[in-house]
Amino acid sequence: MPLSFGPFDYRSSFAERRELFIDAFPEHTDDSVSSEEHYMWKFHSFPAETASYEYGCWDESGRLVGYYAAVPYPYVINGETMTCGMVCDVMTHSSMRGRGVFTKLGRYATSAMAEEGLHFTSGYPIRPEVIPGHLKVGWQIAFPFKLWVRPLRSNSVLSKKRLGMLAPFVNPWLGIYNRALSFSLSKTEIECETFEPSQLDELSGYEEFISQWSAGRSHVLVKSVPFLKWRLSAPTRRYKLVVARENDRIIAWATTALTDVRGVPALGVLDLMTLPGRSDALRVMQKELGTLARQEGAEIILGMFSDISASELGLWRAGYLRTPVTFKLITKKLADVIEEDVFNRPENWRLTWLDSDNL
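With our numbering as the guide, the letters of the sequence shown map in order to residues 3 to 361.
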């Protein structure tokens, strides 16, 4: 079965790519993520000299049967600025699965990215069946994350279980649970505010905060204002920034987006940062996050965190519950400057959904 591989050019092949996307991800047929607007934002508006790396696989008739792409996320790894190919939208046509297309395309694409000067790749596969294909071409499973949830209301969850009539009895207890979280912090000088991403340039103190947060960490995403402006401008998404200050100094930060989890309206926390030793700020921030969630009709607040990050943040004390839902970080080293033995140690990372393309 002759196959050809090469760079993907959306100007001549976007319609084919969209058809392939819908075949690979039928659950997104009517979603905005399958639109040209979303594609152009994701792959052609990133604030870098090269906005994305896209590759395709074609069968002998010239039909697009595979697609592999990455966005160049900037990281500082052990004090060195590096470019990570955050791999996303990898897909193989359903008629070609089981024929080695995924593995061959993955080998070609990651080799091409290495030649382009990328230092490593990252991925957050949601389908376990694709992991063996990644492992065959040199990817490694780094470590898992868990989904952490703070419940606010029970209506949608109970309705899905045909127990909606119990919501009026459960919700008051959830109200008591959430109010109790901040009871001991009723007297505090910490103040919280909510902003739109469009106000990023007007937020004073962010550069100082992110510098202090990053200090001493070995592997961090470069969360510059240009990066955040891009990341938080996905079409149809509604993002909010929640900032905690003490004496006008930022001490905690949350990046949020409204989402839907299997029919349950939720406030997704893309990123959550506190300065060292200031987990109390996170607890104060929960009142603001809860108010924002209720204003938007969300019934839960949720985020993706490793156990190490959750412990550092004090998520238990802030009212979050660790669920069995697991995500995995996979990586592939593309440059020799990365030390293999320390690269994938979970204690070196503080990843959140912001590091991925999720939400």
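The beta carbon of each residue, even a glycine, is placed where N, CA and C say it ideally should be.
Assigned secondary structure, residue i (DSSP; H/G/I helix, E/B strand, else coil)
i    : result
S6   : strand
W255 : strand
K148 : strand
F1   : A question about residue 1 goes unanswered here, because the residues of the chain that appear run from 3 up to 361.
Y57  : strand
V132 : helix
T325 : strand
I212 : helix
L66  : strand
L274 : strand
I340 : coil
V78  : strand
W355 : helix
N350 : helix
A312 : helix
D32  : coil
A320 : coil
Cβ separation of residue i and residue j, assumed to be a contact under 8 angstroms, to the nearest whole Å
i    : j    : result
A257 : D273 : Reading off the sequence, residue 257 comes out as Thr, not Ala. Rounded, the Cβ-Cβ distance is 4 angstroms, consistent with contact.
L284 : G316 : 6 angstroms
L361 : G270 : 5 angstroms
G68  : M93  : 7 angstroms
A254 : R280 : 6 angstroms
A144 : Y57  : Not quite, the Cβ-Cβ distance comes to about 23 angstroms (not below 8 angstroms), so this is no contact.
L107 : Y55  : Their Cβ separation, rounded to whole angstroms, is 13 angstroms, which puts L107 and Y55 out of contact at 8 angstroms.
V286 : I192 : 4 angstroms
G265 : S158 : 6 angstroms
L5   : C59  : 6 angstroms
Residue i beta carbon near the ligand GTP (any heavy atom closer than 8 angstroms)
i    : result
M306 : Absence of the ligand GTP is noted for the structure shown, with no ligands found whatsoever.
Where the beta strand (DSSP E) containing residue i begins and where it ends
i    : result
V245 : Y241 to E248
V222 : H221 to L223
T196 : I192 to F197
M306 : I302 to F307
For residue i: DSSP bridge partner residues
i    : result
T52  : Answer is none; T52 lacks a bridge partner.
A71  : E56 and C90
P267 : D262
S124 : M88 and T333
Y12  : The partner list for Y12 (beta bridge, DSSP) is empty, contrary to what the question assumes.
P153 : I302
I143 : I332
T83  : V78
Option nearest residue i by Cα separation, candidates the options
i    : options                   : result
V35  : A53, F16, A236 and V172   : A236
L176 : E195, V151, S200 and G279 : V151
L291 : V222, E349, T85 and A320  : A320
G299 : N350, A312, D262 and F197 : D262
Y179 : H136, T31 and S156        : S156
F329 : S308, L137 and G265       : S308
P146 : D343, D338, E342 and T325 : T325
T52  : K44, T196 and F171        : K44
V327 : Q142, L304 and F345       : L304
V78  : D282, G265, L356 and V224 : V224
R219 : P9, L353 and R109         : L353
P301 : R13, A169 and L137        : Position check: residue 301 holds Glu in this sequence, whereas Pro was assumed. Among R13, A169 and L137, the Cα nearest to that of E301 is on A169.
L323 : Q214, E341 and L183       : L183
W215 : D359, L230, I252 and C90  : I252
H95  : S311, D25 and A295        : D25
S206 : H30, R247, Y126 and P49   : R247
K335 : D11, E117 and F122        : F122
E38  : A17, H221 and R181        : A17
M115 : T105, F104, Q142 and T85  : T85
C194 : D282, G8 and D32          : D282
R20  : M306, K231, N350 and M42  : M42
S200 : L243, E209 and N173       : L243
G119 : W355, V339 and W351       : V339
S15  : T31, A337, A50 and L66    : L66
Residue interval of the alpha helix (DSSP H) (run including residue i)
i    : result
L183 : A169 to L183
P228 : V227 to R233
E117 : V103 to E117
G292 : S281 to Q297
N346 : Element bounds for N346: n/a, residue is neither H nor E.
M42  : E38 to H46
V159 : N157 to K162
Within-9 angstroms CB hit, residue i to chain B
i    : result
T333 : Chain labels in this structure do not include chain B; a single protein chain is all it has.
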